[in-house]
Amino acid sequence: MKNLKNVKSWLTGVRLPLFTVVVAVALAPYSYAETMHDVVNKGAEEYLLSALSIHDENTDIAVSIAEVDERINIPQCPTGFQFHASDESLNQSYVSVRVSCGNNDWYLFTSAQVTRTKEIVVTSGAVSPGTVLSASNLTLASVDIKRLRYSAFTDVDALIGARMKRRIVDGQAVQSNMLCFVCKGDRITIRASLGGMAVKTSGIAQQDGVIGDTIKVLNASSQKPVIAEVASAQEVVVHL
Numbered sequence: 000m001k002n003l004k005n006v007k008s009w010l011t012g013v014r015l016p017l018f019t020v021v022v023a024v025a026l027a028p029y030s031y032a033e034t035m036h037d038v039v040n041k042g043a044e045e046y047l048l049s050a051l052s053i054h055d056e057n058t059d060i061a062v063s064i065a066e067v068d069e070r071i072n073i074p075q076c077p078t079g080f081q082f083h084a085s086d087e088s089l090n091q092s093y094v095s096v097r098v099s100c101g102n103n104d105w106y107l108f109t110s111a112q113v114t115r116t117k118e119i120v121v122t123s124g125a126v127s128p129g130t131v132l133s134a135s136n137l138t139l140a141s142v143d144i145k146r147l148r149y150s151a152f153t154d155v156d157a158l159i160g161a162r163m164k165r166r167i168v169d170g171q172a173v174q175s176n177m178l179c180f181v182c183k184g185d186r187i188t189i190r191a192s193l194g195g196m197a198v199k200t201s202g203i204a205q206q207d208g209v210i211g212d213t214i215k216v217l218n219a220s221s222q223k224p225v226i227a228e229v230a231s232a233q234e235v236v237v238h239l
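Per numbering that gives the first Met the number 0, the very first residue in the sequence shown carries number 0; after that it's consecutive.
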């Protein structure tokens, strides 16, 4: 019994490499089963945190493992358990992980719930349609990205000057479908550059657009439509 305590004490101070588990001592049946279950549960969690950090850069990841049923027998695996999830599964909120051992044909599937949060721009107070956004009605907050249907924004300054198209409540994520920098019917400046010369004329937006969007604009002088890129709330650029 004394030797067993010494071995346990030694094991406590050992830091095993990620994804590799080595069972150094045969414990009593019930203790062994509990230990192997803990090893598999922890290994699956560490595997997912590592794999998801590559798939979801700049996103905070939380993993909740569905612990393996203690009635399931998990054998020794001297070479260490192997964990794998498909790329398709890694993109889901519920991920299936295959756990196997290279020493034998044993394997099982476990699962985990994955929560992905990201710091994005949300409203600070309710915002009415037609409101021109400023720093006073925008802030940053961590949001579960599965709640987002459209592109969100990570920089408050990038949204200043945009106009809201709908009413949104306090704390709601600001998404690309909710606003426009140039809105349909706006009178704006059309700028074009050719041979080092810049030409400007006035136009009327025929579509809504955020910065970087390509929209149709009517040249007010020629009454001809042009395709231009939204550069700001006042200007679009024609690339010749």
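Positions of the beta carbon are idealized from the N, C-alpha and C atoms, including for glycine. Computed from a prediction, not measured in an experiment: that's the story for all the values here.
Would you tell me roughly how many angstroms separate the C-alpha atoms of residue i and residue j, rounded to the nearest one?
i: Val155; j: Ser133; result: 9 Å
i: Gln205; j: Pro224; result: 9 Å
i: Asp212; j: Glu69; result: 55 Å
i: Leu48; j: Gln91; result: 14 Å
i: Asp143; j: Ala197; result: 44 Å
i: Leu147; j: Pro74; result: 43 Å
i: Asp59; j: Asp37; result: 24 Å
i: Val181; j: Phe80; result: 56 Å
i: Thr200; j: Thr188; result: 6 Å
i: Ser99; j: Glu56; result: 28 Å
i: Glu234; j: Cys179; result: 13 Å
i: Phe152; j: Leu139; result: 9 Å
i: Trp105; j: Glu44; result: 20 Å
i: Val131; j: Ala161; result: 6 Å
i: Gly195; j: Ala111; result: 58 Å
i: Thr34; j: Asn72; result: 11 Å
i: Ala50; j: Ser221; result: 56 Å
i: Gln171; j: Ile53; result: 28 Å
i: Ser242; j: Ser127; result: Look at the range of the chain in this structure, 0 to 239, and you will see that residue 242 is not part of it.
i: Val236; j: Ala219; result: 15 Å
i: Ile226; j: Ser135; result: 33 Å
i: Ser30; j: Cys76; result: Caution is warranted here: a pLDDT of 46 is assigned to Ser30, below 50, making its placement in the model unreliable, and the coordinate value is therefore given only provisionally. Going by the C-alpha atoms only, they are around 16 Å apart.
If you drop the 5 nearest sequence neighbours on each side, which residues of the same chain put their C-beta closer than 6 Å to that of residue i?
i: Val21; result: Bear in mind that the predicted position of Val21 carries a pLDDT of just 34, short of 50, making it unreliable; the figure below should be weighed with that in mind. None.
i: Thr78; result: Gly101 and Asn102
i: Lys183; result: Ala204, Gln206 and Asp207
i: Thr19; result: Below a pLDDT of 50, predicted positions are generally treated as unreliable, and Thr19, at 34, falls in that range; the measurement from the model is reported next regardless. Closer than 6 Å at the Cβ level, and outside the excluded window around Thr19, lie Gly79.
i: Ala61; result: Thr114
i: Leu107; result: Val98
i: Glu118; result: Leu139 and Ser141
Assuming residue i and residue j are in contact, meaning their beta carbons sit under 8 Å apart, how far apart are those beta carbons, in whole angstroms?
i: Ile203; j: Arg190; result: That pair is no contact at about 15 Å.
i: Val96; j: Tyr149; result: Not really, about 31 Å apart at Cβ, beyond 8 Å.
i: Ser175; j: Val229; result: Going by Cβ atoms, the distance from Ser175 to Val229 rounds to 12 Å, so no, they are not a contact pair.
Could you name the residues of the same chain whose beta carbon sits closer than 8 Å to that of residue i, not counting the 5 residues immediately before and after it, in chain order?
i: Asn40; result: Ile64, Glu66, Val67 and Thr109
i: Ala249; result: Missing from the structure shown is residue 249; the chain here goes from 0 to 239 and no further.
i: Leu137; result: Val120, Val121, Thr122, Ser123, Val155, Leu158, Ile159 and Val173
i: Leu239; result: Ala191, Ser192 and Leu193
Residues in the same chain with beta-carbon distance under 7 Å from residue i, minus the five sequence neighbours each way, listed in chain order, please.
i: Met177; result: Met163, Lys164, Arg165 and Ile167
i: Leu217; result: Gly202, Ile203, Gln205 and Pro224
i: Lys215; result: Gln205, Gln206, Pro224 and Ile226
Taking the Cβ atom as the reference point for each residue, do residue i and residue j lie within a distance shorter than 7 Å?
i: Ser85; j: Val94; result: no
i: Thr114; j: Ser141; result: no
i: Gly42; j: Phe82; result: yes
### Query
In chain order, which beta strand (DSSP E) runs of at least 3 residues are fully inside the region 92-122?
93-100 and 106-122
### Query
What beta strand (DSSP E) runs, 3 residues minimum, are completely inside the region 35-88?
59-65 and 80-83
### Query
Which ranges would you report for the beta strand (DSSP E) in the region 134-175 if only whole runs of at least 3 residues count?
Along the region 134-175, the beta strand (DSSP E) occurs as fully enclosed runs of 3 or more residues at 137-143, listed in sequence order.
### beta strand (DSSP E) segments (min. 3 residues) lying fully within the region 178-232
Qualifying beta strand (DSSP E) stretches, in chain order: 186-193, 196-204, 213-218 and 224-229.
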